[in-house]
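Chains G and V are the protein sequences, given in the same order. The numbering of the first sequence is the working numbering, which starts it at 1 and goes up by one. The numbering of the second sequence is the working numbering, which starts it at 224 and goes up by one. Glycine residues also receive a C-beta, built at the ideal position from the N, C-alpha and C atoms. First comes the structure, then the notes that go with it.
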Amino acid sequence: MIIAEWKPIPELVRKLSGHRRILLAGCACCVAECAAGGEREVETLAPLLRLALSVEGHPLEIVTRTVERQCEWEFVEELAEIIPKVEAVLSLACGIGVQAVAERFPEITVFPGVNTTSLALREEPGLWTARCQACGDCVLGETFGLCPVARCAKSLQNGPCGGTRKNGKCELDENVDCVWNLIVERAAKRGQLESLLRIREPKNWSNSFHGGPQRMLREDLRP
Amino acid sequence: MKLRAGSRLERVLAAGHFAVTVEVGPPQGPDAEVIRRKAELLRGLADAYNVTDNQTAVVRMSSIAGARLLLEAGLEPVMQMTCRDRNRIALQSDLLGASALGIKNCLCLSGDHQKASASGKLKGHPGAKNVYDVDSIQLLAILKGLRDQAVQSSGDPIEQPSPFFIGAAWTPLATPEAFRTLRLAKKIEAGADFIQTQAVFDVPRFAAAVAKARAMGLCDRVAILAGIIVPRSARMLRYLNERVPGVEVPEDLIRRMEAAPQPATEGKRIAKETIKAVRVIPGIRGVHLQAIENEAVLPEIIHSADLLPRPEVKM
Numbered sequence: 001m002i003i004a005e006w007k008p009i010p011e012l013v014r015k016l017s018g019h020r021r022i023l024l025a026g027c028a029c030c031v032a033e034c035a036a037g038g039e040r041e042v043e044t045l046a047p048l049l050r051l052a053l054s055v056e057g058h059p060l061e062i063v064t065r066t067v068e069r070q071c072e073w074e075f076v077e078e079l080a081e082i083i084p085k086v087e088a089v090l091s092l093a094c095g096i097g098v099q100a101v102a103e104r105f106p107e108i109t110v111f112p113g114v115n116t117t118s119l120a121l122r123e124e125p126g127l128w129t130a131r132c133q134a135c136g137d138c139v140l141g142e143t144f145g146l147c148p149v150a151r152c153a154k155s156l157q158n159g160p161c162g163g164t165r166k167n168g169k170c171e172l173d174e175n176v177d178c179v180w181n182l183i184v185e186r187a188a189k190r191g192q193l194e195s196l197l198r199i200r201e202p203k204n205w206s207n208s209f210h211g212g213p214q215r216m217l218r219e220d221l222r223p
Numbered sequence: 224m225k226l227r228a229g230s231r232l233e234r235v236l237a238a239g240h241f242a243v244t245v246e247v248g249p250p251q252g253p254d255a256e257v258i259r260r261k262a263e264l265l266r267g268l269a270d271a272y273n274v275t276d277n278q279t280a281v282v283r284m285s286s287i288a289g290a291r292l293l294l295e296a297g298l299e300p301v302m303q304m305t306c307r308d309r310n311r312i313a314l315q316s317d318l319l320g321a322s323a324l325g326i327k328n329c330l331c332l333s334g335d336h337q338k339a340s341a342s343g344k345l346k347g348h349p350g351a352k353n354v355y356d357v358d359s360i361q362l363l364a365i366l367k368g369l370r371d372q373a374v375q376s377s378g379d380p381i382e383q384p385s386p387f388f389i390g391a392a393w394t395p396l397a398t399p400e401a402f403r404t405l406r407l408a409k410k411i412e413a414g415a416d417f418i419q420t421q422a423v424f425d426v427p428r429f430a431a432a433v434a435k436a437r438a439m440g441l442c443d444r445v446a447i448l449a450g451i452i453v454p455r456s457a458r459m460l461r462y463l464n465e466r467v468p469g470v471e472v473p474e475d476l477i478r479r480m481e482a483a484p485q486p487a488t489e490g491k492r493i494a495k496e497t498i499k500a501v502r503v504i505p506g507i508r509g510v511h512l513q514a515i516e517n518e519a520v521l522p523e524i525i526h527s528a529d530l531l532p533r534p535e536v537k538m
């Protein structure tokens, strides 16, 4: 799922001070799953913001609303009735949701309330780890189902750098696994270590962002 | 024998001499004199001199400029080049430029992550965007293509071949140890002519790793130079052992340093002993010395380790 995290409250306070009435908009999809922008987080953040802004001398009325998905027009439409009654929107959706709302209601400022950080897996309650970088050139079939693009700090393609700690963690973060160590372990368990001897050529990054903003057109699905 | 790049380092190794390279860290400023002073200090002590490429991701004079300054001072550089800051376009362009400037040795590295730049007193640039378009093994292949086929990574031709004696790093004792020899094999397959290893303190374990590489026939295909870091204190040894992956320092060596009345002198002694110990490991063809911003200790160590005079080779 798409992972996002709250922006620091002081940053939000700076952006919102001066407004009198805003809409705090949640999204019940990915950001709800990662506990950043669902209904619960919207209802938690609203009083915190009210308090922080009132302490700063900028009392603010916050209307809250959480839609099913801010990245789908039909759900964004549900906000149409409230938008004229507020001065700005603080969206807790990912960057896609924020843009959809801003596109549907270009007359109003939409502030992002979260930073969208990664495509991650919920490993266990309260712990998400990045698993995909949407690189556009998937190699998972050759790396035993472990992604060296998203999970190696250097996106190395041919094995670990010299920075794997004794316990198999990355030298940059004692809590993060060296993904190449995991790949090697899995390959060894399958008796296929030799398969990692093959030199992987430079990747084609052009199917994703590095090829310019992506646009996917499916004629068979066009109206 | 047909030489690949004809660098002094290549000739020394080809003639069967035990090679010596030392590391020269460029300054955090634009003063060419700093490099020239280091060149004077180290002249005649080594066959080639490694110029680091923004090591630990700290901004320094570029390795290309540093390497050229050494050349002008009459010393042969090994230009280090990392994949952190340049994509395949910039890497190849800089390699052609380095070649035009007379640089013949290049050590290909992944490079320290930019997060490493914020340590100690430095703010560094941890918020920088990295590149890592290609990795160090792909970079080796790029150099080999530029040299042997006069082609770019894409397959497009370049006008003339760009002759480099190609180097790579090896960290034989880092986790996952079982893979480290295979990774060395990949580097050789990709194009490495010489290897500079992570610092050696645990000689028996290092020798065992080299024996494994030798059994795979790798030592016949590449010249391995053992890395030697000159320790200054027990604290430094402990730090290296605990914090730098792939550096294994035996506890008795740390205790010996702790007990030494003059740790700096003891450190030089340890470096000298390590050089002598790795020299007799079958498959080791030289040493690569790092004094880490303390180059003044190198003349004495190199002299006392019986590495002088450096051989004359016909250029």
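Contacting residues, own chain, Cβ-Cβ under 8 angstroms from residue i (five flanking each side not counted)
i: LYS7/G; result: PRO112, GLY113, VAL114, ASN115
i: LYS495/V; result: ILE524, SER527, ALA528
i: CYS329/V; result: VAL301, MET302, GLN303, MET304, LEU318, ALA321, LEU366, PHE387, PHE388, ILE389, GLY390
i: PRO148/G; result: VAL139, SER155, LEU156, GLN157, VAL179, TRP180, ILE183
Same chain, Cβ closer than 6 angstroms to residue i, five either side skipped, listed in chain order
i: LYS367/V; result: GLY414
i: HIS58/G; result: SER17
Chain G contact residues for residue i, given Cβ-Cβ distances below 7 angstroms
i: HIS336/V; result: ALA153, LYS154, LEU172
i: GLU412/V; result: ILE199
i: ARG311/V; result: PRO202
Among the options, nearest to residue i - alpha-carbon criterion
i: THR109/G; options: ALA4/G, PRO84/G, THR117/G; result: PRO84/G
i: GLN315/V; options: PHE387/V, GLY350/V, GLU256/V; result: PHE387/V
i: ILE498/V; options: ASP308/V, VAL354/V, GLN513/V; result: GLN513/V
i: LEU319/V; options: THR420/V, ILE365/V, GLU535/V, ASP356/V; result: ILE365/V
i: LYS352/V; options: GLN372/V, THR394/V, ARG307/V; result: ARG307/V
i: GLN192/G; options: GLU142/G, ASP173/G, VAL176/G; result: GLU142/G
i: THR64/G; options: LEU53/G, GLU43/G, VAL55/G, CYS30/G; result: GLU43/G
i: GLU41/G; options: LEU119/G, LEU92/G, GLU78/G, ARG186/G; result: LEU92/G
i: THR252/G; options: LYS169/G, ARG14/G, LEU24/G, ILE96/G; result: What is shown of chain G runs 1 to 223, which leaves residue 252/G out entirely.
i: PHE241/V; options: ASN464/V, LEU268/V, ARG260/V, ALA290/V; result: LEU268/V
i: ARG200/G; options: ASP356/V, GLU471/V, VAL445/V; result: ASP356/V
i: LYS154/G; options: ALA255/V, ALA339/V, ALA483/V; result: ALA339/V
i: ARG151/G; options: CYS178/G, LEU140/G, GLY168/G, GLY162/G; result: CYS178/G
i: THR394/V; options: LEU265/V, PRO349/V, ILE451/V, LYS346/V; result: ILE451/V
i: LEU405/V; options: ILE360/V, VAL374/V, ASP425/V, PRO427/V; result: ILE360/V
Burial state of residue i (16 or more Cβ within 10 Å)
i: SER333/V; result: buried
i: ARG234/V; result: buried
i: ARG370/V; result: buried
i: LEU362/V; result: buried
i: MET302/V; result: buried
i: ILE312/V; result: exposed
i: MET480/V; result: buried
i: ASN167/G; result: exposed
i: CYS138/G; result: exposed
Coarse secondary structure for residue i, derived from DSSP in three states
i: GLY267/V; result: coil
i: CYS442/V; result: helix
i: ILE326/V; result: coil
i: ALA188/G; result: helix
i: ASP416/V; result: coil
i: HIS511/V; result: strand
i: HIS19/G; result: strand
i: ALA36/G; result: coil
i: GLY162/G; result: coil
i: GLU56/G; result: coil
i: GLY390/V; result: strand
i: ASP371/V; result: helix
Cross-chain neighbours of residue i in chain V, by beta carbon under 9 angstroms
i: PRO8/G; result: The premise fails here: PRO8/G is roughly 15 angstroms from chain V at the closest Cβ pair, so nothing lies under 9 angstroms.
i: ALA188/G; result: PRO399, ALA401, PHE402
i: ASN115/G; result: By Cβ distance, chain V contributes nothing, its closest Cβ being about 13 angstroms from ASN115/G, past 9 angstroms.
Proximal chain V residues relative to residue i, where beta-carbon distance stays under 8 angstroms
i: TRP205/G; result: ASP356
i: LYS166/G; result: THR398, PRO468
i: GLY159/G; result: ILE360, PHE402, LEU405, ARG406, LYS409
i: VAL184/G; result: PRO399, ALA401, PHE402
i: LEU196/G; result: PHE402, LEU405
Check: residue i C-beta below 6 angstroms from any heavy atom of the ligand PLP
i: GLY325/V; result: The model depicted lacks the ligand PLP and carries no ligand whatsoever.
Same chain, Cβ closer than 7 angstroms to residue i, five either side skipped, listed in chain order
i: VAL536/V; result: ARG231, ARG234, VAL235, ALA238
i: GLY506/V; result: VAL433, ALA436, ARG437, CYS442, ILE447
i: ARG50/G; result: LEU60, ILE62
Chain-ordered neighbours of residue i on chain V, where CB pairs are closer than 7 angstroms
i: GLY145/G; result: Within 7 angstroms Cβ-Cβ: nothing; GLY145/G doesn't reach chain V, min ~17 angstroms.
Under 8 angstroms by beta carbon: chain G residues contacting residue i
i: ALA392/V; result: GLY162
i: ARG370/V; result: Result: empty, since nearest Cβ-Cβ is about 17 angstroms, beyond 8 angstroms.
i: SER385/V; result: In chain order: nothing, as chain G lies at least about 18 angstroms away.
i: SER376/V; result: PRO202
i: ALA431/V; result: By Cβ distance, chain G contributes nothing, its closest Cβ being about 17 angstroms from ALA431/V, past 8 angstroms.
Chain G residues whose Cβ lies nearer than 9 angstroms to that of residue i
i: SER333/V; result: LYS154, LEU156, CYS161, GLY162, GLY163
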